[in-house]
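Report on one structure; see the data block that follows.
Protein chains in written order, with the numbering used here: chain B, 6 to 124; chain C, 14 to 128.
Following this line, the structure appears as structure tokens:
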């Protein structure tokens, strides 16, 4: 199946700094990627939909200026957590579909996830 | 709005036994897709099985089968012959047919398989 690579797998940063997480589709083009956040023992909550060449669509309650998403190419989307604080510590995971449209039997492929710890 | 409900926070099963993980959903769209994912402690999301809203037959993938009851809006996952490696979190998810076709996840069920 298709491969989505996410980097880094874990990161520790100081409070107030920014952290960039990359999500790459390795063997297919992803016009749309999704970014999720998962707190310990909780479900995946969609943060935003990343669209190649246009602005991301954020879910209600997600701060656009806090979580910057850039989808500059068909194979790369980045999530930057700006001015990170301890409450931003979480597991962030991206996904993409191949092919990108249709409700049919095309599962979303997920990256490996990034465990962010802000100290 | 779409909603996925998993009412079992945790389930225990003995090795080699079958187990059913419950999932109910709510949507006003006639076209949708239902998915089950497995998430081991490493965090990766592993696709298990898919059921389309118009599929007449229940989906099966190896030891996994999906008990799809459209009128009841349920899509339970059945794992047959459980293995120790099946211990993980299991998430039911639904994909909407419109817009970005994003996945909406349930709260998950933690399955523990004992020897």
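All C-beta atoms, glycine included, are put in the ideal place defined by N, C-alpha and C.
Sub-8 Å separation of residue 17 of chain C and residue 38 of chain C beta-carbons: Going by C-beta atoms, residue 17 of chain C is nearer than 8 Å to residue 38 of chain C.
Neighbourhood of residue 98 of chain C by C-beta distance below 6 Å, restricted to the same chain and skipping five residues each side: none
Nearest candidate by alpha-carbon position, reference residue 14 of chain B, set B:122, B:117 and B:124: Checking every option, the nearest Cα to that of residue 14 of chain B belongs to B:117.
Cα-Cα separation, residue 64 of chain C to residue 121 of chain C: 18 Å
Inter-residue CB distance, residue 88 of chain B and residue 38 of chain B (contact presumed, cutoff 8 Å): About 23 Å separates the two Cβ atoms, so there is no contact after all.
Where residue 9 of chain B falls, given that 16 or more other Cβ within 10 Å makes a residue buried: buried
Neighbour-count burial assignment, residue 34 of chain C, 16 or more Cβ in a 10 Å radius: buried
CB contact check: residue 88 of chain B to chain C, cutoff 8 Å: no
Boundaries of the beta strand (DSSP E) in which residue 24 of chain C is found, first to last residue: 23-27
Whole-Å CB distance - residue 80 of chain B paired with residue 30 of chain B, under 8 Å assumed: 5 Å
Residues, ordered as in the chain, of the stretch 98-113 of chain C that lie near chain B by beta-carbon distance below 7 Å: 104, 108, 110 and 113
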